[in-house]
Amino acid sequence: MTSALGPVLSAEEWTAVVLSLKVATVAVAASLPLGIWVATVLARSRLPGLWLLNALVHLPLILPPVVTGYALLLTFGRRGWVGQFLDQWFGFTFAFQWTGAALAAAVMSFPLMVRSIRLAIEAVDPKLEQAASTLGASRIAVFLTVTLPLIAPGVIAGMIVAFAKAMGEFGATITFVSNIPGRTQTLPSAIYAFLQVPGGEVQAARLAGVSVIIAVGALVASEVIARRVAKRIGGQ
């Protein structure tokens, strides 16, 4: 990929591409365990007030991304109640760092991941899980050996969709971590920056093309992998 795009993209553009891939990968990997747990709770639990959890999960899809970014800044910024604690006790900060971009991308893509996994869990016949429980398997064992293999296509689809969303996240990211070249400037931020410079349309168009290629590739890969996993599960 480097050799193919190297002659086409400048060093600044290539840095934005690599950083976007890094941010999106970390965002999906870090949020996946929580996404599976939340999707399971929403699909299987009958606790009262579950609607509130569902509303909180989907809130980033409804709010303007700038509002979400501002909320992250108030919470995880150096003066935020979480960010100040992390900075003072661990010397770790999210604000104006690529880790903050990953956090913003994870928050914005989380609802899409949870929705895909939740739909997959709801499609699983509960009798299969109950049968495993009657054989003495614990809840964790049932989930790992029965539920998780059956929902694997949904998990993969959720991961890919979340990855594509994270790659395109802009509003919350630029509000929370700004647009610092080489540190927090992802693909959307770089495109925005080039469009503000006279004559930067060419660079913006190149990065837009790269964004389209990555997004389409992610969706195609999601479909292919999900079908293969579903076929393998169906053949067992």
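Note that this note's numbering gives residue 99 to position 109 of the sequence shown, counting from 1, and the numbers run on in steps of one. We treat Cβ as the ideally placed atom computed from N, Cα and C, and that holds for glycine. Computed from a predicted model, the values in this text were never measured in an experiment.
Should residue i be labelled buried (16 or more other beta-carbon atoms within 10 Å of its own) or exposed?
i: F75; result: exposed
i: V13; result: buried
i: I170; result: exposed
i: W88; result: buried
i: Q193; result: buried
i: A195; result: exposed
i: T(-8); result: Residue placement at T(-8) cannot be trusted, given a pLDDT of 44 that sits under 50; the coordinates are not used to answer.
i: A1; result: exposed
i: I181; result: buried
i: T124; result: exposed
i: E191; result: exposed
i: L42; result: exposed
i: G(-4); result: Confidence in G(-4) is poor, its pLDDT being 45 and thus under 50, which makes the residue's placement unreliable; the coordinate value appears in the next sentence. Its Cβ having fewer than 16 others within 10 Å, G(-4) is exposed.
i: Q120; result: exposed
i: F184; result: buried
i: S35; result: exposed
i: L37; result: exposed
i: K221; result: exposed
i: A(-6); result: Residue placement at A(-6) is flagged as unreliable, the pLDDT there being 45, under the threshold of 50; the coordinate-derived value follows with that caveat. A(-6) comes out exposed.
i: L40; result: exposed
Measuring CA to CA, which of the options is closest to residue i?
i: M103; options: G144, A45, A6 and L46; result: G144
i: V136; options: G148, K117 and R36; result: K117
i: A33; options: I111, V206, A95 and A92; result: I111
i: G172; options: A6, F153 and T65; result: A6
i: D115; options: I141, F166, T124 and R105; result: I141
i: A216; options: Y60, I107 and A96; result: I107
i: G25; options: A180, I164 and V151; result: V151
i: G228; options: I52, G90 and Y182; result: Look at the range of the chain in this structure, -9 to 226, and you will see that residue 228 is not part of it.
i: R227; options: A208, V187, G148 and W41; result: No statement about residue 227 is possible, as the shown extent of the chain runs from -9 to 226 and does not include it.
i: A29; options: F133, V72, A17 and V167; result: F133
i: G59; options: D77, P188 and A85; result: A85
i: L138; options: W27, E3, W4 and R36; result: W27
i: V97; options: W79, P188 and V56; result: V56
i: T83; options: V167, P23, P188 and A154; result: V167
i: G207; options: G189, P178, F153 and T174; result: F153
i: Q175; options: P54, L22 and L9; result: L9
i: W4; options: A95, L177, A205 and Q186; result: L177
i: R218; options: S179, W71 and I146; result: I146
i: S179; options: L(-1), T165 and S21; result: T165
i: A61; options: V31, A122, P23 and A94; result: A94
Tell me the residue span of the alpha helix (DSSP H) that contains residue i.
i: D115; result: Where D115 is concerned, there is no enclosing alpha helix (DSSP H), given that its DSSP letter is neither H nor E.
i: T5; result: A1 to R34
i: V167; result: G161 to V167
i: P235; result: This structure cannot speak to residue 235, because the chain is shown only from -9 to 226.
i: I227; result: As shown, the chain starts at -9 and ends at 226. That puts residue 227 outside it, with no answer to give.
i: T135; result: From DSSP, T135 is part of no alpha helix (DSSP H); its letter is neither H nor E.
i: A61; result: P55 to F66
i: F75; result: G73 to F80
i: A180; result: L177 to L185
Count the CB pairs spanning the segment 201 to 214 and the segment 147 to 161 that are closer than 8 Å, and state whether there are at least three.
yes
With three or more beta-carbon pairs closer than 8 Å as the criterion, would you say the segment 36 to 51 touches the segment 87 to 107?
yes
Mind the definition here: the segment 206 to 214 touches the segment 117 to 131 only if three or more C-beta pairs lie below 8 Å; say whether that holds.
no
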